[in-house]
Structures are given as C-alpha cells and as structure tokens.
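Chemist: Residue numbers (the numbering used here): 3 to 254. Every residue, glycine too, gets a C-beta built ideally from N, C-alpha and C.
1. Where residue 171 and residue 129 are concerned, what is the direct C-alpha to C-alpha distance, given to the nearest angstrom?
2. So which of 147, 216, 166 has the shortest CA-CA distance to residue 190?
3. Among 203, 114, 32, 123, whose alpha-carbon lies nearest the alpha-carbon of residue 156?
4. Identify the residues that DSSP records as bridge partners of residue 137: which are they?
5. Find the nearest neighbour of residue 20 within the set 34, 134, 214, 225, judged by alpha-carbon distance.
6. Identify the continuous beta strand (DSSP E) that holds residue 188 and give its terminal residues.
7. Using only the alpha-carbon positions, how far apart do residue 239 and residue 96 sit?
8. Where do the ends of the beta strand (DSSP E) carrying residue 8 lie?
9. Taking the DSSP output, what are the residues bridged to residue 151?
10. Measuring only between beta-carbons, confirm whether residue 59 sits less than 8 Å from chain D.
11. Are the beta-carbon atoms belonging to residue 89 and residue 42 less than 8 Å from one another?
12. Take residue 243 and list the residues in its own chain whose beta-carbon comes closer than 8 Å to its own, dropping the five residues that flank it on each side.
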C-alpha cells in the first residue's frame, strides 16, 4: 500500500512545487515507484517534468469531475519509476464545479484509493492556499510534509497550516499525521537562516528533517528546461540535498 504525502504550505514561493518535482524524482531514482499528483491550477509541477500542460486531453480537473477514470488521467512513466496526474488552469474552476457535490472533500481520496497500491509513494503538490483543493489533498493523504522557507515569518505561516491540518484530522481524516518540516532556501552565509532553523526547532513538536535545501541556482534553472534538478545537474548542491531528503524520508 503506497504512502500518500501532501506537500503543503499556504504561502507561495516556499518550495512546494520544487520539492514535489525533485523529491519525487529522487525517490524514483532510488528505485521507488512514485505517482505525482499536481493539484495546483498553475500546473507548474506538470510543466516542471517537461509536459506541455495546455495540450493535455485529461487532467486532474477531468478526474475530479468524473469525466475520466484515475487510470486514464495518469501520464505513465514520464520518468523511469515516475508517473503523473497533471494539472492546468482548468482546475481553477473546480470549487465552483463541485459546489453542490456531496462529500466534495473526499473526491481526490476516493480516486487515489483505486491506485495507491500500485506505488510506493504518492506525492501531492498542493496549491498555495487552504481552499477545497488543499483540503482534498489533506483528506487523501496519510501525512503532510511542510517546506519552510528560511525567512522571518516562517513560524507564523507554519502555525496556520498546523491549525488547518488539525481541523482536517478532527473532522475529515482522523489518521492524518504530520510527516515533518524541512527548510528550504537556506543560505549558510546569513545569520537569519540559522536563526530561523533554531527558532522553529525550539517551538515545534513536529519532526524536523536534518536535510536542508540550500539556495541553489541549478534548482532555480531546472524547471525552465522541464527537468528535475537531478537530471539537469546531478552534482549540484540542490540535487544532492533532494537525494538526501529522499533517503531520510525512506528511512523514516
């Protein structure tokens, strides 16, 4: 039975999509069968794997409207061991489309339950908000992995997300857990990055991963080439960090 992990944070620009692409690719490179689910209408995870998102016949939007089956929505083996349920801007209308649907918080869970046994990991990239799409992702997930940017307001955003996770756990998904927190955009040259790490560790009870994701130009460049960073530059600091994060996740 595959483990479903939602990568969530309601703030944009913290590294959710970068992590969805690169952690998934790293897990696949380590021999794990991975399904990536893009639940962001921007579709950046989709394009980050080199998929032309606006030319797709079936996306997660069609899946959530019951216009195709989950197996029909999957782009198989976009990389060795890695498949993808893609997204594009059509998904922006899903909250309106589902407004009268019963159990609309469970739409994604019901679909992923059909295929989770085919994968070791299902990685869900959440949008930068706490709306219906993120609630669907959290309800479908076994756990939540939180990228935290090394910035002054990091703890504030984290506390809002933890409140949401606890509400989903209480009302919709009692088995939902926090996988843990990891730091992104870490700059070892600044005191701020180290202060943020120490502040978070002192104030949270959740697991904090040892691996930190550095600021890295190769990580920033790779999406424009439609590649995970381990393909674009496997020896870069960003690639090595995501391989280490994957190893830490696998080993628990």
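Modeler: Straight from the coordinates:
1. 19 Å
2. Cα-wise, what sits closest to residue 190 is 216.
3. 203
4. Answer is none; residue 137 lacks a bridge partner.
5. 225
6. 179 to 188
7. Answer to the nearest angstrom: the Cα atoms are 38 Å apart.
8. 5 to 9
9. Bridge partners of residue 151: 186.
10. Absent here is chain D; the protein component of the structure consists of one chain.
11. yes
12. 213, 214, 215, 216, 218
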